[in-house]
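Asks: One point on numbering: in my numbering, the residue at position 102 of the sequence shown is 502, and numbering is uninterrupted. Where is the CB? At the ideal position from N, CA and C, for every residue including glycine.
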Amino acid sequence: MVTVESEKEVEEYLCSFLEKEIRLSVLQQPNLGSYGIADIIAWTVINEDDSRTLLAHVIEVKKGKAGVEGLAQLCRYMKAVELSLNELKNENFCTLNNVLVQGMLICEDLFDPEAMGFLLAQMQNVYLYKYTVTMDKGLIAIRWPGWIKGPYKNDIQVPSVVTSKQIEKKVNEIESGELDWANGNPYNLFHEFCV
401 MVTVESEKEV EEYLCSFLEK EIRLSVLQQP NLGSYGIADI IAWTVINEDD SRTLLAHVIE
461 VKKGKAGVEG LAQLCRYMKA VELSLNELKN ENFCTLNNVL VQGMLICEDL FDPEAMGFLL
521 AQMQNVYLYK YTVTMDKGLI AIRWPGWIKG PYKNDIQVPS VVTSKQIEKK VNEIESGELD
581 WANGNPYNLF HEFCV
């Protein structure tokens, strides 16, 4: 087994994979104001049945073990992104119909697998992946079950992480057929690297 020196190594691998292989737009270390700095936000626009959904993956990477604090941190970033993107959707309703924010906590192991299992079983749109790195296969991630998020109340203004121009550009790429999966589902493509 290969050892990972830092979280940044895993982040950079994921950013490269998401951008080049899955063709998602990727933001690394985006500042979410008082909510903090997320590791990765990967997003795209899905065009299905005359409805456009802005799909965002908020990814938190932990070198070594992750615990409840890591899940709370991820949920905080997800709420910031959800608020920001819903505000953007409301300003651009003719371009976007829906917003879906999913969270992914990616770590090598868990501090308390039993407690984390109970938490994950009660939350939705949040996924946990345990990763290993091997010489022959590189990064391999194995997914755990999902869970239902609780409310995070905060009246702080959230800076926009995705702009109208970026959405318009992504919609144009999809409509022009520039993206191979224009009629497919990037959600499924994103999970292809997982076992």
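Run the CB neighbour count on THR534, radius 10 Å, all protein chains shown included, and call it buried at 16 or more, exposed below.
Replies: Per the 10 Å Cβ criterion, exposed.
Asks: Helix, strand or coil for LEU432 per DSSP?
Replies: Of the three classes helix, strand and coil, the one that applies to LEU432 here is coil, per DSSP.
Asks: Which stretch, first to last residue, makes up the beta strand (DSSP E) that contains GLU460?
Replies: Segment 451-461, the beta strand (DSSP E) holding GLU460.
Asks: Could you work out which residue in LEU483, ALA456, GLU568 and ASP449 is closest to ASN492 when comparing CA atoms only?
Replies: Nearest C-alpha to ASN492: GLU568.
Asks: Leaving out five residues on either side along the sequence, give the residues of the same chain with a beta carbon under 6 Å from the beta carbon of ASN431.
Replies: Taken in chain order, the residues that qualify are ILE437.
Asks: For a quick check, are the C-beta atoms of ASN447 and ILE542 less than 9 Å apart?
Replies: No. Outside cutoff.
Asks: Once DSSP output is grouped into helix, strand and coil, what is the label at GLU448?
Replies: In this structure, GLU448 counts as strand in the three-state DSSP scheme.
Asks: On the criterion of 16 or more Cβ atoms from any shown chain inside 10 Å, does LYS530 qualify as buried, or is it exposed?
Replies: Classification of LYS530: buried, given that the 10 Å Cβ count is 16 or more.
Asks: Would you call SER576 buried or exposed, if buried means 16 or more other Cβ atoms sit within 10 Å of its Cβ?
Replies: By the neighbour-count rule (16 or more Cβ atoms within 10 Å), SER576 is not buried but exposed.
Asks: Taking C-beta to C-beta, are LEU505 and LEU483 nearer than 9 Å?
Replies: No, the Cβ-Cβ distance between LEU505 and LEU483 is not below 9 Å.
Asks: Between SER416 and THR444, is the Cβ-Cβ spacing less than 9 Å?
Replies: No. Outside cutoff.
Asks: Since ALA480 and TYR435 should fall inside the 8 Å C-beta cutoff, what is the C-beta to C-beta distance between them, to a whole number of angstroms?
Replies: Confirmed, Cβ separation roughly 4 Å.
Asks: Taking the beta strand (DSSP E) that LYS530 falls in, what are its first and last residues?
Replies: Element bounds for LYS530: 526-534.
Asks: Leaving out five residues before and five after TRP547 in sequence, what residues of the same chain have Cβ atoms less than 7 Å from its Cβ?
Replies: For TRP547, the predicted structure reports a pLDDT of 38, less than 50, and the residue's modelled location is therefore unreliable. The matter cannot be settled from this model.
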